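Asks:
Number of protein chains: 4
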Amino acid sequence: MRTESSPRGRKRSSFIEQARRAQIIEAATETVAEVGYSRASLAEIAQRAGISKSVISYHFEGKDELLEQVAARLFEETWAYMEPRVYGETSAGAQIREWVRSQLSFFSSHRVSFLAMVEIVTHYQPKEGSSPFAQAIEEEAAELARILRKGQQDGEFRDFDPRAVAVIIGQAVEGALGQWIADDTIDLDTHALALVDFIDHAIRSERG
Amino acid sequence: MRTESSPRGRKRSSFIEQARRAQIIEAATETVAEVGYSRASLAEIAQRAGISKSVISYHFEGKDELLEQVAARLFEETWAYMEPRVYGETSAGAQIREWVRSQLSFFSSHRVSFLAMVEIVTHYQPKEGSSPFAQAIEEEAAELARILRKGQQDGEFRDFDPRAVAVIIGQAVEGALGQWIADDTIDLDTHALALVDFIDHAIRSERG
Amino acid sequence: MRTESSPRGRKRSSFIEQARRAQIIEAATETVAEVGYSRASLAEIAQRAGISKSVISYHFEGKDELLEQVAARLFEETWAYMEPRVYGETSAGAQIREWVRSQLSFFSSHRVSFLAMVEIVTHYQPKEGSSPFAQAIEEEAAELARILRKGQQDGEFRDFDPRAVAVIIGQAVEGALGQWIADDTIDLDTHALALVDFIDHAIRSERG
Amino acid sequence: MRTESSPRGRKRSSFIEQARRAQIIEAATETVAEVGYSRASLAEIAQRAGISKSVISYHFEGKDELLEQVAARLFEETWAYMEPRVYGETSAGAQIREWVRSQLSFFSSHRVSFLAMVEIVTHYQPKEGSSPFAQAIEEEAAELARILRKGQQDGEFRDFDPRAVAVIIGQAVEGALGQWIADDTIDLDTHALALVDFIDHAIRSERG
DNA sequence: TATGAATGAGGCTTCATTCAT
DNA sequence: CATGAATGAAGCCTCATTCAT
Numbered sequence: 001m002r003t004e005s006s007p008r009g010r011k012r013s014s015f016i017e018q019a020r021r022a023q024i025i026e027a028a029t030e031t032v033a034e035v036g037y038s039r040a041s042l043a044e045i046a047q048r049a050g051i052s053k054s055v056i057s058y059h060f061e062g063k064d065e066l067l068e069q070v071a072a073r074l075f076e077e078t079w080a081y082m083e084p085r086v087y088g089e090t091s092a093g094a095q096i097r098e099w100v101r102s103q104l105s106f107f108s109s110h111r112v113s114f115l116a117m118v119e120i121v122t123h124y125q126p127k128e129g130s131s132p133f134a135q136a137i138e139e140e141a142a143e144l145a146r147i148l149r150k151g152q153q154d155g156e157f158r159d160f161d162p163r164a165v166a167v168i169i170g171q172a173v174e175g176a177l178g179q180w181i182a183d184d185t186i187d188l189d190t191h192a193l194a195l196v197d198f199i200d201h202a203i204r205s206e207r208g
Numbered sequence: 001m002r003t004e005s006s007p008r009g010r011k012r013s014s015f016i017e018q019a020r021r022a023q024i025i026e027a028a029t030e031t032v033a034e035v036g037y038s039r040a041s042l043a044e045i046a047q048r049a050g051i052s053k054s055v056i057s058y059h060f061e062g063k064d065e066l067l068e069q070v071a072a073r074l075f076e077e078t079w080a081y082m083e084p085r086v087y088g089e090t091s092a093g094a095q096i097r098e099w100v101r102s103q104l105s106f107f108s109s110h111r112v113s114f115l116a117m118v119e120i121v122t123h124y125q126p127k128e129g130s131s132p133f134a135q136a137i138e139e140e141a142a143e144l145a146r147i148l149r150k151g152q153q154d155g156e157f158r159d160f161d162p163r164a165v166a167v168i169i170g171q172a173v174e175g176a177l178g179q180w181i182a183d184d185t186i187d188l189d190t191h192a193l194a195l196v197d198f199i200d201h202a203i204r205s206e207r208g
Numbered sequence: 001m002r003t004e005s006s007p008r009g010r011k012r013s014s015f016i017e018q019a020r021r022a023q024i025i026e027a028a029t030e031t032v033a034e035v036g037y038s039r040a041s042l043a044e045i046a047q048r049a050g051i052s053k054s055v056i057s058y059h060f061e062g063k064d065e066l067l068e069q070v071a072a073r074l075f076e077e078t079w080a081y082m083e084p085r086v087y088g089e090t091s092a093g094a095q096i097r098e099w100v101r102s103q104l105s106f107f108s109s110h111r112v113s114f115l116a117m118v119e120i121v122t123h124y125q126p127k128e129g130s131s132p133f134a135q136a137i138e139e140e141a142a143e144l145a146r147i148l149r150k151g152q153q154d155g156e157f158r159d160f161d162p163r164a165v166a167v168i169i170g171q172a173v174e175g176a177l178g179q180w181i182a183d184d185t186i187d188l189d190t191h192a193l194a195l196v197d198f199i200d201h202a203i204r205s206e207r208g
Numbered sequence: 001m002r003t004e005s006s007p008r009g010r011k012r013s014s015f016i017e018q019a020r021r022a023q024i025i026e027a028a029t030e031t032v033a034e035v036g037y038s039r040a041s042l043a044e045i046a047q048r049a050g051i052s053k054s055v056i057s058y059h060f061e062g063k064d065e066l067l068e069q070v071a072a073r074l075f076e077e078t079w080a081y082m083e084p085r086v087y088g089e090t091s092a093g094a095q096i097r098e099w100v101r102s103q104l105s106f107f108s109s110h111r112v113s114f115l116a117m118v119e120i121v122t123h124y125q126p127k128e129g130s131s132p133f134a135q136a137i138e139e140e141a142a143e144l145a146r147i148l149r150k151g152q153q154d155g156e157f158r159d160f161d162p163r164a165v166a167v168i169i170g171q172a173v174e175g176a177l178g179q180w181i182a183d184d185t186i187d188l189d190t191h192a193l194a195l196v197d198f199i200d201h202a203i204r205s206e207r208g
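Chains as they are written, first to last, in the UniProt record's numbering: chain A, 1 to 208; chain B, 1 to 208; chain C, 1 to 208; chain D, 1 to 208.
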């Protein structure tokens, strides 16, 4: 879809170019997390990055591309943290527990990332076409569903619609984080335990 | 801050004033649901209401107040539908099931309301202070938690943090609706069953 | 193609609306004539009109619509002046002479209109689709060609391609005006005579 | 105003300097012809030349100078083609005919040059002062007028204002080319004949 | 010589809000 | 009560130009 990256017309990017892009993405992440999507103007972002507004236009096709990059980086980072932990486990039950635990754990130490991610996923609206995050989110749900299905085949989990439950779990985790964001007094570790426990009971085979 | 002239600030509002406000709120709801929060300008809303933009400013303090009213009405309507159904049940278990069922049921026949509610709750950002919806959502969660607690006392539910589970349930319902919105082929009734079942397993006392 | 005029959403326009549009069109005409198309920004136009930039946006869909209106008005005015004079004549020869004479005469007393017209016809480039002036110009040329053809049928004019000659005549008139614009010392009346004479000799039947 | 550093201002320019300038001028010509004046940004031109934007700034004072050079080269090339052909003829009548014919012929096989020339002559607007093409165009007209005058003295042409007719002829040729550009189906050779014929009749002495 | 990078001016639009009628 | 009209702030983007390397 995208025909040219920035600086327009070049394919390769120098080291300094990469650094600037990273810096701007970082600034954008913080800005979105702090003032919210709608107030995260290029002016704001530029100011926080200590650069001029047009530098952003120079390194990115436009605001849309910048925000997509921000989100993409957040997805990557999150998954890079979760994947080894989840697949370090062997049983489906342990994988699900680790999924929830690691996601909560990651975001609990990356508050800004979480806020930015939620804001962007929720608000981003490209000029044409549909949100590019739908796919990422869809893939994540599919991955989760796959684990659930395996657990059912192994007799670990009872019978339910894996797809529906995957969505429920995803939402529950996001909800827990949302609560924690809204209320600092919440102990996320306790919450995590409760959530893991809740899910465990909900999906585990009766015999288990 | 609030000017004491004009409708807001008055104690008594004429019938026509009430009617206009209702009409505008209705139009705003539809607009937000249809074109999304960010594209729901006063101009758009006014056009759909068949009135002039300034009428809105006349009847509402500003866009912020209007959207707050929209959300407030949606909360009220939803709760007005759910309350008798939930409390028509006696056991905590049945109440929870009815809570989930009735919420899904209400929104499934009020698609516009659901869309508008999500958009507003998600995007609304007052110029000063924090979101006024936090309270409403908080109250709803508290209500749900109360039922859960009762179920625990009655021995219906096992031991868990009622507050945390209340949030999880709320999120799960919203998630299910979101899925249904995104994918028309989903059968919401089936989904409702799965969700109720999921929650049932998660919270019901082992002995149950 | 255009779905709504300004103020957006209304069909009828009040008197004051009409007046403002006329005022803005007038200011735009002058601005384009004076500083040239490329420097005729909305800011410039607004300043000359003594109004705020956004007033233009309020009354017109955008810069494109404004300039189209400017051009449309110029075409209309020009033709309103020429038509009765041209068709006040009966013979094709006289009609052609009057065509040239009246066009020169009109623009010689509407310097600004001429400049604006040339600038817009030359520079205007709509965001999508092709120039809407092509048609107007085409029609004018066709009209001229029709007269030429009639003259040939009546034996007044010799044999030539009417379409090609129509273009030549049109260009010649524009060229003459361009000269006059560039050099104030030129006497346009003399020039007009020369031009009429030139064309006369070029097209008149040998026997004539 | 002009800074004395760097290439411009130097008396001697290296071979590589000359080559670069030529390359840039060529790219600019093509760009202007293809995408039109207003979209012919330095970025576009640089991209087509396969060089970086700043190279242009290095070799030319600015965009203005570049475009002036482009136009100057086009004028030169055109005249280099026309001159021997026109003055290969002896009689004024033949010279005029050859003038028209060779100009049409040159541009018909240099479509890009014609497009670029028209775009630049039409759109170019220096930051200060007036268009530098006025002079070139003026000289061409003067040259043409000189031939016309000679034709009158020789009794070949009838009495008319040579200056005015020179302009008319120039415009007519440009108009014919414009038509041809706009409509590919036009046979330029036929058109050329019609034009030559038209002019012939217009200026030739009655006795001729 | 060449260039990647950065800049700031300026352009068009959208929008909530205000005000006189 | 209602509204047409006007406004100014703010947003994003494009572009010629400059500068250090």
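Beta carbons are placed, not taken as given, at the ideal position from N, Cα and C, and that holds for glycine.
Just so we're clear, the structure is a prediction, and the values are computed from it rather than from any experiment.
Any idea what DSSP makes of residue 157 of chain C, helix, strand or coil?
Replies: Strand at residue 157 of chain C.
Asks: Name, please, each residue of chain C whose Cβ falls closer than 8 Å to the Cβ of residue 165 of chain D.
Replies: Correct list: 194 and 198.
Asks: Considering only C-alpha positions, which residue in the set B:196, B:30 and B:72 is nearest to residue 95 of chain B?
Replies: B:196
Asks: Does the structure place the stretch 158-169 of chain A close enough to the stretch 78-91 of chain A that three or more beta carbon pairs sit under 8 Å?
Replies: By the criterion of at least three beta-carbon pairs nearer than 8 Å, the stretch 78-91 of chain A is not in contact with the stretch 158-169 of chain A.
Asks: Using a Cβ cut-off of 9 Å, pull out every chain C residue sitting near residue 160 of chain D, in sequence order please.
Replies: 194, 197, 198 and 201
Asks: For residue 87 of chain D, count the other beta carbons within 10 Å of its own beta carbon; 16 or more makes it buried, fewer makes it exposed. Which is it?
Replies: exposed
Asks: Does any CB atom of chain A fall closer than 8 Å to the CB of residue 78 of chain B?
Replies: Chain A places no beta carbon closer than 8 Å to that of residue 78 of chain B, leaving this residue out of the contacts.
Asks: Counting Cβ pairs, one atom from each stretch, are 3 or more of them under 8 Å apart for the stretch 50-65 of chain A and the stretch 108-120 of chain A?
Replies: no
Asks: Let me check understanding here. Comparing Cα to Cα, which of B:77, B:125, B:117 and B:205 lies closest to residue 155 of chain B?
Replies: B:205
Asks: Since residue 201 of chain C contacts residue 191 of chain D with CB under 8 Å, what's their CB separation in whole angstroms?
Replies: About 20 Å separates the two Cβ atoms, so there is no contact after all.
Asks: Whole angstroms is fine: what's the gap from residue 225 of chain D's alpha carbon to residue 26 of chain D's?
Replies: Any question about residue 225 of chain D goes unanswered here, given that chain D covers just 1 to 208.
Asks: Output, in sequence order along the chain, the residues in the UniProt domain "HTH tetR-type" (18-78) of chain B whose CB is closer than 9 Å to any CB in chain A.
Replies: 36, 37, 38 and 39
Asks: Assign residue 29 of chain A to one of two classes, buried (16 or more other C-beta atoms within 10 Å of its C-beta) or exposed (fewer than that).
Replies: buried
Asks: Any C-beta of chain C sitting closer than 8 Å to the C-beta of residue 142 of chain D?
Replies: no
Asks: Counting Cβ pairs closer than 8 Å, one from the stretch 169-181 of chain B and one from the stretch 114-132 of chain B, do we hit at least three?
Replies: Yes: at least three Cβ pairs fall under 8 Å.
Asks: From the DSSP output, in three-state form, read off residue 11 of chain D for me.
Replies: Unreliable placement is indicated for residue 11 of chain D, whose pLDDT of 40 sits below 50; no coordinate value is reported for it.
Asks: In angstroms with no decimal places, state the Cα-to-Cα distance between residue 131 of chain B and residue 71 of chain B.
Replies: 11 Å
Asks: Cβ closer than 9 Å: which chain D residues qualify as neighbours of residue 125 of chain C?
Replies: 36, 38 and 39
Asks: Quick one: which chain C residues come within Cβ less than 9 Å of residue 103 of chain D?
Replies: Neighbours of residue 103 of chain D on chain C: none; closest Cβ ~14 Å, over 9 Å.
Asks: Relative to the C-alpha of residue 65 of chain B, which candidate in B:39, B:24 and B:103 has its C-alpha closest?
Replies: B:24
Asks: Starting from residue 146 of chain D, follow its DSSP beta bridges and name the residues at the other end.
Replies: DSSP output for residue 146 of chain D lists no bridge partner at all.
Asks: Relative to the C-alpha of residue 76 of chain A, which residue among A:16, A:107 and A:98 is closest?
Replies: A:107
Asks: Quick one: what's got a C-beta closer than 7 Å to residue 42 of chain A's C-beta in the same chain, skipping five residues either side?
Replies: 53, 56 and 63
Asks: Can you check whether the C-beta of residue 151 of chain B is within less than 8 Å of a C-beta belonging to chain A?
Replies: no
Asks: From residue 179 of chain A to residue 159 of chain A, what distance separates their C-alpha atoms?
Replies: 30 Å
Asks: Just the Cα atoms here: how many angstroms apart are residue 37 of chain D and residue 137 of chain A?
Replies: 45 Å
Asks: Could I get the ranges of all uninterrupted alpha helix (DSSP H) runs contained in the UniProt domain "HTH tetR-type" (18-78) of chain A, with 4 residues as the minimum, in chain order?
Replies: 42-49 and 53-59
Asks: From the DSSP output, read off the bridge partner residues of residue 204 of chain A.
Replies: Partner(s): A:157.
Asks: In or out: residue 90 of chain A buried (at least 16 other Cβ within 10 Å) or exposed?
Replies: Residue environment for residue 90 of chain A: exposed (fewer than 16 other C-beta atoms within 10 angstroms of its C-beta).
Asks: If you follow the alpha helix (DSSP H) that residue 162 of chain B is part of, which residue opens it and which one closes it?
Replies: Bounds of the alpha helix (DSSP H) holding residue 162 of chain B are 162-182.
Asks: Could you compute how far the alpha carbon of residue 104 of chain A sits from the alpha carbon of residue 199 of chain B?
Replies: 21 Å
Asks: Between the Cα of residue 240 of chain B and those of B:18, B:14, B:99 and B:20, spot the shortest distance and give me the residue it belongs to.
Replies: Given that chain B is displayed from residue 1 to residue 208, the structure contains no residue 240 of chain B and the question cannot be resolved.
Asks: Select from C:121, C:139, C:181 and C:142 the residue whose C-alpha is nearest the C-alpha of residue 74 of chain C.
Replies: C:121
Asks: Taking beta-carbon pairs under 9 Å, can you tell me which members of the stretch 163-191 of chain A lie near chain B?
Replies: 163, 164, 165, 167, 168, 169, 170, 171, 172, 173, 174, 175, 176, 178, 179, 182, 186, 190 and 191
Asks: Which chain B residues are close to residue 122 of chain A, counting only those with a beta carbon under 8 Å from its beta carbon?
Replies: 122 and 123
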